[in-house]
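The opening residue of the sequence shown carries number 758 in this note's numbering; numbering runs sequentially from there.
Think of the CB as a built atom: it goes at the ideal place given N, C-alpha and C, for glycine as much as any other residue.
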Amino acid sequence: MEATYAETGQQVAATSRSAMLKPAYAAPHPLAGGKVQLTVFDRAAIDTYVPIVLAYPAPAPSNEALKEGLLRAIAPYPHLLGRFALDGHGRRVLNLNNEGVLVIETDVPADLADVLAAGGMATDVAGFYPTVPEESVGPALLQVKLGRYRCGGLLLGVICHHHISDGHAASTFYGAWATAVREGKGFSVPSPFIDRAATAVPRSTPKPVFDHRSIEFKGGEGSGSSQPHAVLPMDKIRNITVHFPAEFIAELRSRVGARCSTFQCLLAHVWKKATAARGLDLEEFTQVRVAVNCRGRANPPVPMDFFGNMVLWAFPRLQVRDVLGLSYGGVVGAIRDAAARIDEEYIQSYVDFGGVADANGEELAATSTFGTMLCPDIEVDSWLGFRFHQLDFGTGPPSAFLPPGLPVEGLMVFVPSRTVEGSVDLFMALAEDHVAAFKRICYSLDILPSRM
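This is the structure:
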């Protein structure tokens, strides 16, 4: 099998081979052969594979060490080894059939440095991870691509379906994989919490009290959506990367005037700048869809090592004039207040809603889809606690973390910078008409000109 990679303007042939790997169990996994229903948290996640790409210069860990460590680490994660199937009602379920993880090995006759752009970012990373399947039912739910370069460097590309895990769970597994490679046969396999059903137990008489059909799913006119979002052709969406140095973040914190997280102050700043760059009417409302980890907020709390999805969203919402005119402290306060509303009462209402929907055989469609234009809104995920940039398989952390293409206009991800401790990289998708204006002002801390 051959693929082509760009090398200083030329196309070079690469040879690939693939295999479906599965761990050898001394005894069948307790869940082996069973079918697991997706929870209401799983179904709210976007229906796609989430890619990450990491670059490791020579001497990089060997393919054999990576594969052996993968099989050790994945043994207690049967969901990653299964497949999606359809039940008798045509609804997606997890078939824990131990079909395995797809591993593709590619030998590239080029040097790793030649395929990375200046600063460790690639212009297009789609060829560095396995091709995202067009259908979710049937293909491997975890797929790995080991791109070995003639210099000995490695591009490690991974895709994992979002209905299997949220970012917190995925990062925990990837960390276990790295540890398994470093420790070899001495690796002590952890036992993550994998009882999905226990995370979404409706009350005996379900009592959903919030409009979840509009907030987390499509189908209503509730507070989760300020207006129906338009469709924007994918070729009109531009992915950009912005680096925020630690000194810049410290100055942002000082302007907030109260204790706040790096995530909160950066989100307040980017919300202001994106709103200004879009040139929105001052009377219009804009909101942010903020991912919130519900593990510790549920009652009873869900163990932090739960492998699955346990995310809901907060929706801070303000008029454009307030986003632009309020102090940083004021905007951070709106973000903090919205997140605080995702409490045990809200989470239980959401679980009850899922129970009612299941009892009625209702199909639920998540709000995020490819090619959506969120303007005047934005959506944010924080990967600041995931430490992908520190994954050490035995030869040190990666030299670059390559961002995947974001398919939704207004979607952004905060990631710890690999280059300087305390710095943050922002990966963001914007409509092409707004990119130049955003780049002009994204580092400005001056009060924006008022049109009031």
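Taking DSSP as the reference, what is the three-state secondary structure of residue i?
i, result
"ARG995", "strand"
"GLU978", "Per-residue confidence for GLU978 stands at a pLDDT of 47, beneath the threshold of 50, marking its modelled position as unreliable; no derived number is given."
"MET878", "With a pLDDT of only 44 at MET878, under 50, the local geometry of the prediction cannot be trusted, and no value is derived from it."
"GLY766", "Because GLY766 carries a pLDDT of 41, less than 50, the predicted location of this residue cannot be relied on, and no value is offered for it."
"TYR886", "coil"
"GLU862", "strand"
"GLY845", "coil"
"ARG1046", "strand"
"CYS917", "strand"
"GLU1136", "strand"
"PRO835", "helix"
"GLU1008", "helix"
"SER928", "helix"
"HIS1000", "strand"
"TYR1107", "helix"
"THR805", "coil"
"LEU827", "helix"
"ASP1182", "strand"
"LYS902", "strand"
"GLU1166", "strand"
What's the C-alpha gap between residue i and residue j?
i, j, result
"ALA822", "GLU1166", "39 Å"
"LEU853", "ARG840", "7 Å"
"GLN1105", "ASN1050", "14 Å"
"PRO959", "HIS920", "20 Å"
"ASP1134", "VAL1108", "26 Å"
"TYR1200", "HIS1026", "9 Å"
"CYS917", "TYR886", "11 Å"
"GLY981", "VAL858", "Residue placement at GLY981 cannot be trusted, given a pLDDT of 48 that sits under 50; what the coordinates show is reported in the next sentence. Taking the straight line from one Cα to the other gives about 36 Å."
"SER948", "GLY914", "25 Å"
"HIS1191", "ALA812", "30 Å"
"GLY791", "ALA1071", "34 Å"
"GLY895", "THR1129", "26 Å"
"LEU838", "ALA1122", "25 Å"
"ALA897", "GLU856", "8 Å"
"LEU1131", "TYR834", "35 Å"
"GLY1179", "LYS964", "43 Å"
"VAL889", "GLY1014", "44 Å"
"ASP1079", "ASN1117", "42 Å"
How would you call residue i, buried or exposed, if buried means at least 16 neighbouring beta carbons within 10 angstroms?
i, result
"MET1185", "buried"
"ALA1091", "buried"
"GLU1120", "exposed"
"GLY904", "buried"
"VAL988", "exposed"
"LYS902", "buried"
"ARG953", "buried"
"HIS846", "exposed"
"ARG1016", "exposed"
"LEU912", "buried"
"PRO785", "exposed"
"MET777", "exposed"
"ASP1094", "exposed"
"LYS993", "exposed"
"MET991", "exposed"
"LEU1081", "buried"
"VAL1177", "exposed"
"ASN1066", "buried"
"SER1011", "exposed"
"TYR782", "exposed"
"PRO1161", "buried"
"LYS942", "exposed"
"SER922", "buried"
"ARG774", "exposed"
"ARG1175", "buried"
"PRO787", "exposed"
"THR1019", "buried"
Kindly indicate which residue of the options has the alpha-carbon position closest to the one of residue i.
i, options, result
"PRO1111", "LEU1069, LEU1083, THR936", "A quick correction: the sequence has Gly, not Pro, at residue 1111. Nearest C-alpha to GLY1111: LEU1069."
"ARG849", "GLY826, THR863, SER893, PHE885", "SER893"
"PHE1143", "ASN855, VAL1170, ASP1134, HIS918", "VAL1170"
"TRP1028", "ARG1074, THR929, ASP1062", "ARG1074"
"PRO808", "ALA842, GLY826, TYR931, HIS1000", "TYR931"
"LEU1202", "TYR782, PHE1005, GLY884", "PHE1005"
"GLY909", "ALA1048, GLY1087, VAL865, ALA802", "VAL865"
"LEU1168", "VAL810, VAL1047, GLN1076, HIS969", "VAL1047"
"PRO1173", "PRO1154, PRO1164, ALA1188, LEU851", "PRO1154"
"ILE861", "HIS836, ALA830, ASN820, GLU891", "ASN820"
Does any residue of chain C have a CB that is nearer than 8 Å to the CB of residue i?
i, result
"ALA1015", "No chain C is part of this structure, which consists of one protein chain only."
Check whether the stretch 1091-1101 touches the stretch 860-874, taking contact to mean three or more Cβ pairs, one atom from each stretch, closer than 8 Å.
no
Can you find at least 3 beta carbon pairs, one from the stretch 1136-1152 and one from the stretch 926-935, that sit closer than 8 Å?
yes
Are at least three pairs of beta-carbons, each pair with one atom in the stretch 1179-1195 and one in the stretch 996-1011, less than 8 Å apart?
yes
The stretch 1033-1043 touching the stretch 1052-1060, judged by at least three CB pairs closer than 8 Å:
no
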